[in-house]
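Report on the structure given below.
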Amino acid sequence: MMLLDDAQHFVRDPDWTWYILFYFFFAGLSGGSYAIACLLRLFGKSEDEPAARLATYVAFVALLPCPVLLTLDLGQPLRFWHMLVNTSPGAEGPIFKYWSPMSVGAWALVIFGGFVTASFFDAWTRDRDRRFPRLPRGFLGGLWSLLGLVFGLFIAGYTGVLLSVSNQPVWSDTWTLGGLFLASGLSGSAALLGWLVRFRKPAQATAGVFSMSERVFQLLELVLIVAFVVTLIPTGALSRTFGLPWTALWLVALVGLARGLTTRTTARVSAAGDGTVAVKAVHAAATASLIVLIGILALRAAIIFSAQ
Amino acid sequence: MAEITPGKAYGFFTDTSVCIGCKACEVACKSWNMLDGNPPVFGDGYDNTGSLDAQNWRHVQFLDNVADQAAGPGQGKAWLMMSDVCKHCTHASCLEVCPTGAIIRTEFDTVFIQPDVCNGCRDCISACPYGVIEMDKQKGVAQKCTLCYDRLQGGLEPACAKACPTQSIQFGPVIELRERAQKRLEVLHGQGVAEAQLYGHDEKVYGGLNAFFLLMDEPEKYNLPNEKNAVLPSRNNARGYLTLLATAVMAVLGGLIAIRRRREKTDDAAG
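Just so you know, the sequences run in chain order A and B. Under full-length UniProt numbering, the first residue of the first sequence carries the number 1, and numbering increases by one thereafter. Under full-length UniProt numbering, the first residue of the second sequence carries the number 1, and numbering increases by one thereafter.
Printed below as a string of structure tokens:
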């Protein structure tokens, strides 16, 4: 029942469902992983380079489904390029609306795609010692990483702002979603990298960084979930997003958070001196990372579906 | 009907006090715009259209909130009807968020979705506070009332206004319609109908609605947000991005701490 002071919403659902859910998930992982790679390159030591390359590979692989999912979600998939080019008679040319997060996001995704793809091939050529053109190091390399960091962080979080810039219940009743999606994208990326690092021995020097940053990002995520709840209280939308059946999704999200915050399993590198890895430890770490990733998927699902 | 001139703002004044719920507007709209319509909705009342959507660009709302028990004289509730439509807002939420430029303001100051430019992203649907727009699943694009853009270009008034038998739907230049609405409101108030009120006739709701209403109850009863809740999506841009920025700064600091703490440990171990 609507109370007198509740926010009034008579809007129709946009039917943003599975494609968008998984786009938000993969964009969070890709942006988060690339941001971590850039952080390692900017502030880490030379021993962090293998881990930075690993994060770049993850960012690239997670990015691949993003344009596909976004295109398939359109009513007219072949007009995906209309996001960038206005075809209106008399107004033909590039279109960029800084006040529309979908317009900003479309351009940001194109630029971010360029950064990630170039970094991926750079990492691959260095790993394989191929003689292809490489990205510069030194000052220009630092500038590249700094810009990449900005775009990575943006891609991981702008999807939350996109939801808020609407008139949908829940989404438009809060200003926390951009930060929340960024924090959860980063924590998921750190958890995934903390697991994958076990399979790449040169990168294991950075395992402790992944473990600690995962907990820092999850703490940030927890604070933003609290802020999300607080902002929804005066609008009357709390029961809508936390009521049944969405309670189950929130529980999964919280289990994922708790798993990362309360344990330090992922910090322990389980490779022996000869490079072999204890099977039990790998399984335990895989389970921990999986729980965190399912948690961030559940968080997005609860927010996306409960509002529609 | 005076000549329809490009460059002038046109719209509807819908006077719900004289709507009889005949649905001639719905039929005329579907007929002119070649809309197939949806199967009838059988709900709790006499409204079998359901809502505004891709197939219903006019929707006669039946607010039949009549008590089950017989009421005494003067205690009965009014049975309200309103022919709802796109409001063609001056500050239109749909136009604001549309990333493709498909939604434009025409030479008649109406809001129009260009079907050959729209790519069906549905951002406008999440933004429209009146639930007017829906995606046509056959065509894959968003659809809503065009205020008969093609008829206006030919000098004809919109089909719904032409068909309305009680002049509940009046079409004309917005300035003239506002004057007419004000006079009608004064007449009703003079007759003791104190609940009569105008909605969207001034800039308090989305800068003014080109399709505005005379209502017989509070706007919320007709699924119209009141002045306080008539807000644009862009209100969340600054605070949304600021939260994102603050989180990004905190996350970078957190990452730096993680890198530094690891380094200290490594250095300690080496020492």
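All residues carry an ideal CB built from backbone N, CA and C; glycine is no exception. Here the structure is a predicted model, which is why all the values come from computation and not from measurement.
**Study point:** Within-9 Å CB hit, I95(A) to chain B
**Key:** Yes, contact with chain B.
Exercise for review: Please report how far the alpha carbon of L180(A) lies from the alpha carbon of W250(A), in whole angstroms.
Suggested key: Distance between the alpha carbons of L180(A) and W250(A) is about 14 Å.
Exercise for review: Would you list, in sequence order, the uninterrupted alpha helix (DSSP H) runs of no fewer than 4 residues that lie entirely inside the stretch 196-269 of chain A?
Suggested key: Taken in chain order, the complete alpha helix (DSSP H) segments of 4 residues or longer contained in the stretch 196-269 of chain A are 207-232, 238-242, 246-262.
Exercise for review: Could you have a look at M216(B) and say whether DSSP puts it in helix, strand or coil?
Suggested key: Of the three classes helix, strand and coil, the one that applies to M216(B) here is coil, per DSSP.
**Study point:** Cβ separation of G75(A) and G120(B), assumed to be a contact under 8 Å, to the nearest whole Å
**Key:** Right, the Cβ-Cβ distance comes to about 2 Å (below 8 Å), so this counts as a contact.
**Study point:** Start and end residues, alpha helix (DSSP H) containing H189(B)
**Key:** Residue range 174-190 is occupied by the alpha helix (DSSP H) that includes H189(B).
Check your understanding: Excluding the five sequence neighbours on either side, which residues of its own chain have a C-beta within less than 7 Å of the C-beta of P6(B), listed in chain order?
Key -> Cβ within range, chain order: E107, F108.
Check your understanding: Does the beta carbon of E220(B) come closer than 9 Å to any beta carbon on chain A?
Key -> Judged by the 9 Å Cβ criterion, E220(B) is in contact with chain A.
Exercise for review: Can you tell me which of the three DSSP states A272(A) falls into?
Suggested key: Its pLDDT being 49, under 50, A272(A) is placed unreliably in this model, and the value from its coordinates should be taken loosely. DSSP, read as helix, strand or coil, puts A272(A) in coil.
Point to revise | Among K228(B), R122(B), V111(B), I169(B), nearest to P77(A) - alpha-carbon criterion | key: For P77(A), the closest of K228(B), R122(B), V111(B), I169(B) by C-alpha to C-alpha distance is R122(B).
Review point. Would you report the Cα separation of R126(A) and I111(A), rounded to the nearest angstrom?
Key: Counting only the Cα atoms, I111(A) lies some 23 Å from R126(A).
Review point. Of the residues that make up the stretch 7-34 of chain A, which ones have a beta carbon closer than 8 Å to any beta carbon in chain B?
Key: Here the close residues are A7, Q8, H9, F10, V11, R12, D13, P14, D15, W16.
Review point. Among residues of its own chain, excluding the 5 on either side of L198(B), which ones have a beta-carbon nearer than 8 Å to its beta-carbon?
Key: In its chain, beyond the 5 residues on either side, A181, Q182, L185, F212, F213, L214, L215 have a beta carbon closer than 8 Å to the beta carbon of L198(B).
Point to revise | Assigned exposure category for M81(B) - 16 Cβ within 10 Å defines buried | key: The residue is buried, with at least 16 neighbouring Cβ atoms inside 10 Å.
Review point. Beta carbon of G155(B), beta carbon of N86(A): below 9 Å?
Key: Contact flag unset, no.
Practice item. Mind listing the chain B neighbours of F80(A)? Cutoff is C-beta to C-beta under 8 Å, in chain order. Key: When 8 Å is used as the limit between beta carbons, F80(A) is near these residues of chain B: N119, in chain order.
Check your understanding: Roughly how many whole angstroms lie between the Cα atoms of G93(A) and V104(A)?
Key -> Their Cα atoms are separated by approximately 16 Å.
Exercise for review: Measure how close the beta-carbons of A227(A) and A298(A) come, nearest whole angstrom, since I'm counting them as under 8 Å.
Suggested key: Between A298(A) and A227(A) the Cβ distance is about 19 Å, and since that is not below 8 Å, they are no contact.
Exercise for review: Please state if the CB of G148(A) and the CB of A285(A) are separated by a distance shorter than 9 Å.
Suggested key: Cβ atoms of A285(A) and G148(A): not closer than 9 Å.
Check your understanding: Nearest chain B C-beta to F151(A) closer than 9 Å, yes or no?
Key -> Cβ-Cβ to chain B under 9 Å: no for F151(A).
Point to revise | R58(B) - containing beta strand (DSSP E), residue span | key: From DSSP, the beta strand (DSSP E) with R58(B) extends over 58-63.
Check your understanding: Hey, is S93(B)'s beta-carbon within less than 9 Å of any beta-carbon in chain A?
Key -> Cβ-Cβ to chain A under 9 Å: yes for S93(B).
**Study point:** 7 Å Cβ cut-off: residues of chain B touching T176(A)
**Key:** For T176(A), the chain B residues whose Cβ falls inside 7 Å of its Cβ are T243, in order along the chain.
Exercise for review: Could you name the residues that DSSP lists as bridge partners for Y10(B)?
Suggested key: Its beta-bridge partners are P173(B).
Exercise for review: With DSSP collapsed to three states, give me the class of V85(B).
Suggested key: Three-state result, V85(B): strand.
Practice item. Please state if the CB of C148(B) and the CB of S83(B) are separated by a distance shorter than 9 Å. Key: It is not a contact, given that the beta carbons lie outside the stated cut-off.
Review point. Does the beta carbon of H234(B) come closer than 9 Å to any beta carbon on chain A?
Key: What sits at residue 234(B) in the sequence shown is Ser, not His. Closer than 9 Å to some Cβ of chain A, the Cβ of S234(B) qualifies, so yes.
Check your understanding: Whose C-alpha, out of V60(B), A142(B), G131(B), A163(B), is nearest the C-alpha of G21(B)?
Key -> Considering only alpha carbons, the answer is V60(B).
Practice item. Taking Q167(B) and L177(B) to be in contact with their CB atoms under 8 Å, please state how far apart those CB atoms are, rounded to whole angstroms. Key: Wrong, their Cβ atoms sit about 12 Å apart, outside the cutoff.
Check your understanding: Are there 16 or more other CB atoms within 10 angstroms of the CB of I175(B), so buried, or fewer, so exposed?
Key -> Classification of I175(B): exposed, given that the 10 Å Cβ count is below 16.
Review point. Between the stretch 26-39 of chain A and the stretch 51-64 of chain A, do at least 3 Cβ pairs fall closer than 8 Å?
Key: With the cut-off at 8 Å, the stretch 26-39 of chain A and the stretch 51-64 of chain A touch.
Exercise for review: Let me know if H283(A) comes out buried or exposed under the rule of 16 or more other beta-carbons within 10 Å of its beta-carbon.
Suggested key: With fewer than 16 neighbouring CB atoms inside 10 Å of its own CB, H283(A) falls in the exposed class.
Check your understanding: Would C160(B) pass as a contact of V132(B) if the rule is Cβ separation under 9 Å?
Key -> Result no, Cβ atoms of C160(B) and V132(B) do not sit closer than 9 Å.
Practice item. Using a Cβ-Cβ cut-off of 9 Å, state whether N210(B) counts as contacting chain A. Key: No, N210(B) does not count as interfacial toward chain A.
Practice item. Using 10 angstroms around the beta-carbon of V230(A), count the other beta-carbons present and answer buried if the total reaches 16, otherwise exposed. Key: V230(A) sits exposed, since fewer than 16 C-beta atoms from the chains shown fall within 10 Å of its C-beta.
Exercise for review: Can you give me, in chain order, the residues of the stretch 94-105 of chain B that have a beta carbon less than 9 Å from any beta carbon in chain A?
Suggested key: Residues of the stretch 94-105 of chain B whose Cβ lies closer than 9 Å to any Cβ of chain A, in chain order: E96, V97, C98, P99, T100, G101, A102, I104.
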